[in-house]
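> Quick one: this structure, given as structure tokens, is what I'll be asking you about.
2 protein chains.
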Amino acid sequence: MAGSIKDILKNPVGIKVNGSLWIESDGQPFFGPGPVELLERIEATGSISMAAKEMKMSYKKAWELVSQLNAQMAAPVVIPQAGGEKGGGSTITPEAAKLIQYHRQLRERFAAFLEAESARLKK
Amino acid sequence: MAGSIKDILKNPVGIKVNGSLWIESDGQPFFGPGPVELLERIEATGSISMAAKEMKMSYKKAWELVSQLNAQMAAPVVIPQAGGEKGGGSTITPEAAKLIQYHRQLRERFAAFLEAESARLKK
DNA sequence: TACCGTTATATTTTCAAAGATATAACGATT
DNA sequence: AATCGTTATATCTTTGAAAATATAACGGTA
Chain A
0 MAGSIKDILK NPVGIKVNGS LWIESDGQPF FGPGPVELLE RIEATGSISM AAKEMKMSYK
60 KAWELVSQLN AQMAAPVVIP QAGGEKGGGS TITPEAAKLI QYHRQLRERF AAFLEAESAR
120 LKK
Chain B
0 MAGSIKDILK NPVGIKVNGS LWIESDGQPF FGPGPVELLE RIEATGSISM AAKEMKMSYK
60 KAWELVSQLN AQMAAPVVIP QAGGEKGGGS TITPEAAKLI QYHRQLRERF AAFLEAESAR
120 LKK
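What follows is the structure in structure tokens.
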């Protein structure tokens with residue numbers, strides 16, 4: 000279309016609309032893509048430290064995320080155990096599974112939005 | 000609704016979905032909310048330095064944004080003049096106006112999306 | 001009790017982004 | 001030529017976030 004955005008760009012080939020989403024509570028973000036993946040990997044590995052390693056995230060960062068998440072939920076999403084067989088580990092609660100599922104669907108709807116906007120950009 | 004996300008949060012009052020959008024070219028973001036506001040203020044003030052000061056952005060940062068934008072557009076969005084009456088100044092081109100208008104509409108559609116998602120969150 | 005790998009926490013180090021500062025070039029006006 | 005406020009650019013400093021490091025606590029198992 001004439002007068003389109005892509006027409007005024009020097010290199011319109013790789014152009015698209017991108018973005019990121021998160022859930023805010025009291026104005027401060029507390030649940031973005033990072034925590035979701037962390038929860039998924041904690042579920043898969045049974046361990047915060049292993050999940051963090053897989054994501055190339057420091058254990059400290061991972062622990063802070065878990066701690067922050069648990070603090071903001073009515074019930075904890077991760078149950079940690081320090082010590083025990085194999086040194087301990089962590090399991091996720093049904094509430095965590097709910098969060099994961101919700102965020103997955105949210106991401107899908109957002110991806111559709113971005114797709115539509117990217118298409119509009121090229122028209 | 001039962002099993003909703005808001006039910007598993009400790010403080011569900013201020014909860015909402017938020018996010019940010021930008022345009023990518025070749026995978027690297029080059030046009031987000033900051034540059035738009037800068038362009039608007041350059042148009043209003045006729046000067047990069049005044050626009051930057053209004054936004055409490057360093058002149059350096061503002062100049063870098065302008066420079067980067069100009070480099071990525073087929074035609075420049077800002078025409079700077081160093082020296083001249085009143086020391087110089089900068090004007091924006093019709094292409095810049097197009098970018099501003101596009102981004103404004105994009106923001107509106109995104110706001111609607113976020114609003115819908117925030118509403119869904121509370122259901 | 002000694003060991004293990006994990007959770008929990010404090011401290012230090014690194015590093016990149018932002019900011020501050022300084023200086024030159026510019027071109028109309030006087 | 002001197003002045004003015006702007007653009008243009010280099011360099012130094014600050015600072016804040018991430019990463020790295022270190023250490024203790026934990027609770028099963030052998």
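As they're listed, the protein sequences go chains A and B. Counting in numbering that gives the first Met the number 0, the first sequence runs from 0 upward without gaps. Counting in numbering that gives the first Met the number 0, the second sequence runs from 0 upward without gaps. Ideal placement from N, C-alpha and C gives every residue a C-beta, glycine not left out.
Helix or strand or just coil, what does DSSP make of B:Gly87?
In the second sequence, the residue the question calls residue 87 of chain B occupies position 88. Reduced to three states, the DSSP call for B:Gly87 is strand.
> Which ranges does the alpha helix (DSSP H) cover as unbroken runs of at least 4 residues, wholly within the segment 0-35 of chain B, from first to last along the chain?
Listed in chain order, there is nothing to give.
> If you run the structure through DSSP and keep just helix, strand and coil, what is A:Pro75?
Numbered from 1 along the first sequence, position 76 holds the residue referred to as residue 75 of chain A. Three-state result, A:Pro75: coil.
> Between A:Glu114 and A:Leu38, what straight-line distance do the alpha-carbon atoms span, to the nearest angstrom?
In the first sequence, residue 114 of chain A corresponds to position 115, counting from 1. In the first sequence, residue 38 of chain A corresponds to position 39, counting from 1. One C-alpha to the other measures close to 27 Å.
> 7 Å is my cut-off, CB to CB: does B:Ser66 come that close to chain A?
Against the second sequence, residue 66 of chain B aligns to sequence position 67. False, the Cβ-Cβ gap to chain A never drops below 7 Å.
> Kindly indicate if chain A contains any beta-carbon less than 7 Å away from that of B:Val35.
The residue given as residue 35 of chain B occupies position 36 in the second sequence. Closer than 7 Å: no.
> Could you give the residue range of the alpha helix (DSSP H) that holds A:Met49?
Here residue 49 of chain A refers to the residue found at position 50 of the first sequence. Note, A:Met49: alpha helix (DSSP H), 47-53.
> Of the choices A:Ser89, A:Glu84, A:Arg108, A:Lys60, whose alpha-carbon is the least far from that of A:Ile78?
The residue you call residue 78 of chain A lines up with position 79 of the first sequence. Residue A:Ser89 is the option with its Cα nearest to A:Ile78.
> How is the alpha helix (DSSP H) around B:Lys122 delimited, first residue to last?
Within the second sequence, numbered from 1, the residue matching residue 122 of chain B stands at position 123. Careful: B:Lys122 lies outside any alpha helix (DSSP H) and carries neither H nor E.
> If you check the beta carbons only, do A:Ala22 and B:Val16 fall under 7 Å apart?
The count along the first sequence starts at 1 and reaches residue 22 of chain A at position 23. The count along the second sequence starts at 1 and reaches residue 16 of chain B at position 17. One point to set straight first is that residue 22 of chain A is Ile, not Ala, in the sequence displayed. Yes, Cβ-Cβ distance for A:Ile22 and B:Val16 is below 7 Å.
> Can you grab the Cα-Cα spacing for the pair A:Ser48 / B:Ser3, in whole Å?
In the first sequence, the residue the question calls residue 48 of chain A occupies position 49. In the second sequence, the residue the question calls residue 3 of chain B occupies position 4. One C-alpha to the other measures close to 30 Å.
> Comparing the C-beta of B:Ser24 with each C-beta of chain A, is any distance below 7 Å?
Within the second sequence, the letter at position 25 stands for residue 24 of chain B. By this cut-off, B:Ser24 is an interface position.
> Using the Cα positions of A:Ala96 and A:Lys55, report the straight-line distance between them to the nearest angstrom.
The residue you call residue 96 of chain A lines up with position 97 of the first sequence. The residue you call residue 55 of chain A lines up with position 56 of the first sequence. Taking the straight line from one Cα to the other gives about 22 Å.
> Leaving aside the five residues before and after B:Lys60 along the sequence, list all residues of the same chain whose C-beta is less than 8 Å from its C-beta, in chain order.
The count along the second sequence starts at 1 and reaches residue 60 of chain B at position 61. Within the same chain, B:Lys60 has close Cβ partners Ala51.
> For B:Leu8, go through chain A and note every residue whose CB falls closer than 7 Å to its CB, in chain order.
Indexing the second sequence from 1 puts residue 8 of chain B at position 9. In chain order: Ser24, Gln71, Met72, Ala73.
> Could you check whether A:Ile91 and A:Glu42 sit closer than 7 Å to each other, using their CB atoms as the reference points?
Counting from 1 along the first sequence, the entry for residue 42 of chain A is found at position 43. Counting from 1 along the first sequence, the entry for residue 91 of chain A is found at position 92. Against a cut-off of 7 Å, the Cβ pair of A:Ile91 and A:Glu42 comes out as a contact.
> Spatial neighbours of A:Pro34 within its chain, please: CB distance less than 8 Å, with the 5 preceding and 5 following residues excluded, ordered by chain position.
Locating residue 34 of chain A in the first sequence gives position 35, counting from the first residue. For A:Pro34, where only same-chain residues beyond five positions count, the Cβ hits under 8 Å are Leu64, Leu68.
> Less than 7 Å between CB atoms is the rule here; does B:Phe112 satisfy it with respect to chain A?
Translated into positions along the second sequence, residue 112 of chain B becomes position 113. Yes - at least one Cβ of chain A is within 7 Å of the one on B:Phe112.
> Among all the DSSP beta bridges, which residues are the ones paired with A:Ala81?
Numbered from its first residue, the first sequence carries residue 81 of chain A at position 82. DSSP output for A:Ala81 lists A:Gly87 as bridge partner(s).
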